[in-house]
Amino acid sequence: MQKKILRKRVISNELFFQYVLERLEAEKKVKILVAGTSMEPFLQNGDQVVLKRAVDEDIRKGVIVLARFNQGYILHRIVHLHKEKVTLAGDGNISQVEIVSREDILGVVIQAYRLNREIMLNALLGMIWYKLRWIRSIANKVFRIKLKL
């Protein structure tokens with residue numbers, strides 16, 4: 000029996016996201032790893048998300064999107080919609096938000112996995128968590144803890 004050898008290949012973010020964008024523009028789904036903790040507790044570092052190209056109907060409050068921001072890319076939740084602007088926030092962020100144009104939204108998360116088990120994506124629960132930012136901020140200051148689900 001032959002064992003399959005997996006080799007890791009390190010590439011630049013620019014090249015990686017170029018590949019991701021090409022797949023999305025070709026109407027194909029793409030699976031990427033979550034990097035960082037800004038989407039905790041719902042998504043954690045190392046989780047996998049499946050993206051599809053974002054269309055107008057996908058741009059609604061509560062969904063998690065891949066967007067261009069400050070010459071980079073972020074995977075955050077839509078928390079406010081304006082005519083041409085969209086406000087994004089990481090679930091783990093207490094006060095920071097990002098404002099992008101609708102054209103900057105490249106993909107929408109349609110599935111998520113942690114350790115090969117599907118994670119429930121719940122836009123309503125995500126928005127409730129966002130609305131509780133002020134309570135989370137006070138709890139962090141008073142108890143010096145980070146609230147987790």
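The sequence shown: position 126 = 125 (the numbering used here), numbered continuously.
We put the CB at the ideal spot given by N, CA and C, even for glycine.
Nearest to N12 by alpha-carbon distance, out of A34, K27, R6, is A34.
When L50, N121, S94 are compared, the shortest CA-CA separation from S136 is found for S94. Between the alpha carbons of E39 and V141 lies a distance of about 20 Å. By the CB criterion at 8 Å, K51 and V107 fall inside the cutoff. In this structure, V96 sits near V78, with a CB-CB distance shorter than 8 Å. Under the three-state reduction of DSSP output, S100 falls in the strand class. Non-local beta-carbon contacts of F16 in its own chain, meaning distances under 8 Å to residues more than five positions away in sequence, involve Y72 in chain order.
As a beta-bridge residue in DSSP terms, H75 pairs with V64. Between the alpha carbons of G89 and Q47 lies a gap of roughly 16 Å. In the three-state reduction of the DSSP assignment, V9 falls in the coil class. Of the residues assessed, L23 falls on the buried side of the cut-off, its CB having 16 or more other CB atoms within 10 angstroms. In this structure, the alpha-carbon of K130 lies about 23 Å from that of Q110. As the crow flies, the alpha-carbon of L32 is around 9 Å from that of V49.
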